[in-house]
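Written below as structure tokens is the structure these notes are about.
Residue numbers (the working numbering): 63 to 319.
As structure tokens, then:
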């Protein structure tokens, strides 16, 4: 594949990459994945993401508080995250959102932190990166209560029936390795029907490696496998979809080419 791919969501600051991070980035580039959005999940990991992106061509970073860590939310933490999100080299706000599946933080804390991220993203005019698991109705409701916010439904695992409120809100939809799993019929249908100008692909590395790498540590190079599957489902060439999703990522995050 000659076209270049953007991995719109990965966590290569994770300690699983400490031993071979530079090799991981080089493998991604060799696979055609020439740009990566490295997403922070706490103030500490957001700094790691920003430090990782500094001086590395094609690496971009975001800052936020993951819903798993929402119990840590405080005025001081919000001040810290705001300062990180205001930086010119920070291309997005999040990862934020709601997770009713694991529910590692109280729902009230997740809801409060999510709303704060949405409002901050709108204020700064930066895209918000949204995690939603088993919390579709609440996620859609909160997004709808902050009109004008830009952003992406990261690792979209739902089906076509859940797409409308996010598309109506102007959000992008990012598909991960889950779309390649055998049982992900509804998710593949959502990938088929998602408007071309709202479509992104991602790895969520080190999690959710796509087929044929399922069960292994995920890494940005594998984004090309997810893109090929989505292209097949949509009846287009991988090269076409790479151009489309790269253009979409550039537009959403303000990435340099």
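Ideal Cβ positions, reconstructed from N, Cα and C, are used throughout, including at glycine.
Straight-line CA distance for residue 93 to residue 137? Numbered from 1 along the chain shown, position 31 holds the residue referred to as residue 93. Numbered from 1 along the chain shown, position 75 holds the residue referred to as residue 137. So the two alpha carbons sit approximately 42 Å from each other.
Less than 8 Å between the C-beta atoms of residue 123 and residue 152, yes or no? Locating residue 123 in the chain shown gives position 61, where the first residue counts as 1. Locating residue 152 in the chain shown gives position 90, where the first residue counts as 1. Against a cut-off of 8 Å, the Cβ pair of residue 152 and residue 123 comes out as a contact.
Starting from the C-beta of residue 307, find all residues in its chain whose C-beta is less than 8 Å away, skip the five residues before and the five after it, and write them out in chain order. Translated into positions along the chain shown, residue 307 becomes position 245. Closer than 8 Å at the Cβ level, and outside the excluded window around residue 307, lie 67, 68, 70, 261, 262, 263 and 289.
Using 8 Å as the cut-off, can you tell me whether the region 223-233 makes contact with the region 263-275, which would need three or more C-beta pairs spanning the two stretches below that distance? no
Exposure label - residue 128; buried when at least 16 CB within 10 Å: Residue mapping note: residue 128 aligns to position 66 of the chain shown, counting from 1. Its Cβ being crowded by 16 or more others within 10 Å, residue 128 is buried.
Taking only runs of the beta strand (DSSP E) that begin and end inside the region 131-215, which ones reach a length of at least 3 residues, in chain order? 152-161, 190-195 and 213-215
For residue 171 versus residue 133, is the C-beta spacing smaller than 8 Å? Translated into the one-based positions of the chain shown, residue 171 becomes position 109. Translated into the one-based positions of the chain shown, residue 133 becomes position 71. Cβ distance < 8 Å, so residue 171 and residue 133 count as in contact.
Find the nearest neighbour of residue 220 within the set 174, 287 and 238, judged by alpha-carbon distance. Counted from its first residue, the chain shown places residue 220 at position 158. If we check each option's Cα against that of residue 220, 238 comes out closest.
Please list, in chain order, all residues of the same chain as residue 205 whose beta carbon is under 6 Å from its beta carbon, the five residues on each side excluded. Mapped onto the chain shown, residue 205 falls at position 143. Answer for residue 205: 231, listed in chain order.
Could you give the residue range of the alpha helix (DSSP H) that holds residue 302? In the chain shown, the residue the question calls residue 302 occupies position 240. From DSSP, the alpha helix (DSSP H) with residue 302 extends over 300-315.
Tell me the residue span of the beta strand (DSSP E) that contains residue 124. Taking the chain shown and counting its residues from 1, one reaches residue 124 at position 62. Its beta strand (DSSP E) spans residues 121-125.
Please report the distance separating the alpha-carbon of residue 131 from that of residue 179. Working through the chain shown from its first residue, we reach residue 131 at position 69. Working through the chain shown from its first residue, we reach residue 179 at position 117. Taking the straight line joining both Cα atoms gives about 13 Å.
What do you reckon, are the CB atoms on residue 227 and residue 202 nearer than 8 Å? Counting from one through the chain shown, the residue named residue 227 turns up at place 165. Counting from one through the chain shown, the residue named residue 202 turns up at place 140. Yes, the pair counts as a contact, with Cβ atoms nearer than the cut-off.
Compute the Euclidean distance between the alpha carbons of residue 283 and residue 95, then round it to the nearest angstrom. Within the chain shown, numbered from 1, the residue matching residue 283 stands at position 221. Within the chain shown, numbered from 1, the residue matching residue 95 stands at position 33. Their Cα atoms are separated by approximately 6 Å.
Taking residue 135 as the reference, which of 158, 118 and 116 has the closest Cα? If you number the chain shown from 1, residue 135 lands on position 73. That would be 158, whose Cα lies nearest to the Cα of residue 135.
Going by the beta-carbon positions, is the gap between residue 215 and residue 194 smaller than 8 Å? Here residue 215 refers to the residue found at position 153 when the chain shown is read from its first residue. Here residue 194 refers to the residue found at position 132 when the chain shown is read from its first residue. Yes, Cβ-Cβ distance for residue 215 and residue 194 is below 8 Å.
Would DSSP call residue 287 helix, strand or coil? For this step, residue 287 is matched to residue 225 along the chain shown. If DSSP states are grouped into helix, strand and coil, residue 287 belongs with the helices.
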